[in-house]
Amino acid sequence: MQQQCRLCPRQCGADRVTKTGACGVGRQAVVARAAPHYGEEPCISGTRGSGAVFFSGCALGCVFCQNSEISRGGAGKTLTAAELRDVFLRLRDSGVHNLNLVTGSHFTPVIAEALAGVRLGIPVVWNSSGYESVETLRQLEGLVQVWLPDFKYALPEPAARYSSAPDYPQVALAAIREMYRQSGPAQQDSDGLLCRGVLVRHLVLPGNAENTLRVIDAVEDNFPRDAVMFSLMAQYTPMPAAARFPELRRRVTEEEYNRCLSYLDFSTINRGYVQSLDAATTDQIPAFDGTGV
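Number 145 in the working numbering belongs to position 141 of the sequence shown; there are no gaps in the numbering.
Written as structure tokens, this is what we have:
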């Protein structure tokens, strides 16, 4: 990594050896939990769980983040590339379906070093906010098989309001295109598990149904039919940091969500998942207590 960090679209230029960057963490990987996780889509979690490695810090900083305990960089253990590789191998040996790297973009060089030359025998999943630099993603070419990006915003107004990132729509779309370039069309094995490809996630926000419709349009317009999978999520739960935004103090209404579901039904997107509104709980937020690290 160069002395002035340019890994993410924030381009903050911090010397993360001596201070933290926009992501809130230094240069070495910080991991808050590494354990089987069952809260992903069925093609990721399967029956034995996804081997989720939760990294601390995040350069996007959404006000509604459910993992704010770690996304602000406040929890976890610092690991070298060799130590991180050992974590990956222990998770693999526990019998999980895949290695699921959650919000690791700001540690890409360390993760790439940890993965280089290792034969895991299971897919590596890159689970991210979607706010990523194409140049940084290219450091992962050949190391990641499954891409699990959020596509949070197709409109700049909510991107600026909730994540201080008005450039999110074009940045995320370019990143997802790069992911698709590296993996090609989504491929599932005989058990329905995603072994290669892209699964785009989108969380419906209260008061922002129009943004969801435009996200659906963007996925439909930019990728071949059935080449990527799509997950429409209803699990938004009000978090304390979002309290200053009146529209985010409540859950998504049935009327709002049905509008999004109907629009998705009329699109050409056929592969993927939709959540029910009763998913809007905090039950799937794991304990970031250092398990497995």
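The C-beta atom is built at its ideal place from N, Cα and C for all residues, glycine as well. Nothing here was measured: the structure is a model prediction, and the numbers come from that model.
### Task
Starting from N215, follow the alpha helix (DSSP H) in both directions and report where the run begins and ends.
Counting from 1 along the sequence shown, the entry for residue 215 is found at position 211. First-last of the alpha helix (DSSP H) with N215: 213–226.
### Close Cβ partners of T112 (< 7 Å) along its chain, the five nearest in sequence each way excluded
For the purposes of this step, residue 112 is taken as residue 108 along the sequence shown, with counting starting at 1. Once the five neighbours on either side are set aside, the close Cβ partners of T112 are L11, T140, Q143, L144.
### Message
List, from N- to C-terminal side, the beta strand (DSSP E) runs of 3 residues or more that fit wholly inside the segment 173–213.
### Response
198–207
### Query
So what's F59 in DSSP terms, helix, strand or just coil?
Against the sequence shown, residue 59 aligns to sequence position 55. Strand.
#### Entry: First through last residue of the beta strand (DSSP E) which encompasses F92
Along the sequence shown, read from residue 1 onward, the residue named residue 92 stands at position 88. Careful: F92 lies outside any beta strand (DSSP E), inside the alpha helix (DSSP H) at 85–97.
### Task
Quick one: residues in its chain with C-beta nearer than 6 Å to the C-beta of T76, no 5 flanking neighbours on either side, listed in chain order?
Translated into the one-based positions of the sequence shown, residue 76 becomes position 72. Here residue 76 turns out to be Arg, not Thr, going by the sequence shown. So the qualifying residues of the chain are G28.
### Query
Thinking C-alpha only, which one of R275, E73, G196, S133 is nearest I48?
Position 44 of the sequence shown, counted from the first residue, corresponds to residue 48. It is G196.
### Query
Below 8 Å, can you find three or more Cβ-Cβ pairs linking the segment 254–269 to the segment 234–242?
Under the Cβ criterion (8 Å, minimum of three pairs), the segment 254–269 counts as touching the segment 234–242.
### Task
Kindly indicate which three-state DSSP category Y277 falls into: helix, strand or coil?
Here residue 277 refers to the residue found at position 273 of the sequence shown. Strand.
### Query
Measuring CA to CA, which of Y277, A247, A284, G294 is closest to E45?
For the purposes of this step, residue 45 is taken as residue 41 along the sequence shown, with counting starting at 1. Minimum Cα distance to E45 is reached at Y277.
### Message
Could you give the first and the last residue of the continuous beta strand (DSSP E) run that contains A39?
### Response
On the sequence shown, residue 39 is found 35 positions in, with the first residue counted as 1. Taken as a continuous stretch (DSSP letters only), the beta strand (DSSP E) holding A39 covers 33–41.
### Query
Between the segment 250–261 and the segment 180–195, are three or more C-beta pairs nearer than 8 Å?
no
### Message
Below 8 Å on the Cβ atoms is my contact criterion, and I expect Q32 with V114 to pass it. Report the Cβ-Cβ distance as a whole number of Å.
### Response
Here residue 32 refers to the residue found at position 28 when the sequence shown is read from its first residue. Here residue 114 refers to the residue found at position 110 when the sequence shown is read from its first residue. The Cβ separation is near 7 Å, so the contact holds.
### Query
Under a three-way DSSP split, which group does L159 fall into?
Numbered from its first residue, the sequence shown carries residue 159 at position 155. If DSSP states are grouped into helix, strand and coil, L159 belongs with coil.
### Range covered by the beta strand (DSSP E) that runs through P355
Look at the range of the chain in this structure, 5 to 297, and you will see that residue 355 is not part of it.
#### Entry: Expected contact under 8 Å - CB spacing of L166 and V21 to nearest Å
Translated into the one-based positions of the sequence shown, residue 166 becomes position 162. Translated into the one-based positions of the sequence shown, residue 21 becomes position 17. Checking the sequence shown, residue 166 turns out to be Tyr, not Leu. The pair is not a contact, with the Cβ atoms about 31 Å apart (cut-off 8 Å).
### Cross-strand partners of T82 (DSSP beta bridge)
To locate residue 82, count along the sequence shown from 1; it is residue 78. Partner(s): V34.
### Message
Quick check: what's the CA-CA separation for M5 versus E182?
### Response
For the purposes of this step, residue 5 is taken as the residue at position 1 of the sequence shown. For the purposes of this step, residue 182 is taken as the residue at position 178 of the sequence shown. Note on M5: pLDDT 45, under 50, position unreliable in the model; the coordinate value appears next. Distance between the alpha carbons of M5 and E182: 21 Å.
### Query
CB P40 to CB S54, shorter than 8 Å?
To locate residue 40, count along the sequence shown from 1; it is residue 36. To locate residue 54, count along the sequence shown from 1; it is residue 50. Between P40 and S54, the gap from beta carbon to beta carbon is short of 8 Å.
### Query
If you compare alpha carbons, which of R229, T285, P228, S280 is closest to R254?
Against the sequence shown, residue 254 aligns to sequence position 250. Comparing Cα-Cα distances from R254 to each of R229, T285, P228, S280, the minimum goes to T285.
### Query
Quick one, which of G78, S72, L119 has its alpha-carbon nearest V90's?
Residue 90 sits at position 86 when you count from the first residue of the sequence shown. The amino acid at residue 90 is misidentified as Val; the sequence shows Asp. The residue with the shortest Cα to Cα distance from D90 is L119.
### Query
So, R200 versus D230, is the Cβ gap smaller than 8 Å?
Residue 200 sits at position 196 when you count from the first residue of the sequence shown. Residue 230 sits at position 226 when you count from the first residue of the sequence shown. Not a contact, by the Cβ cut-off of 8 Å.
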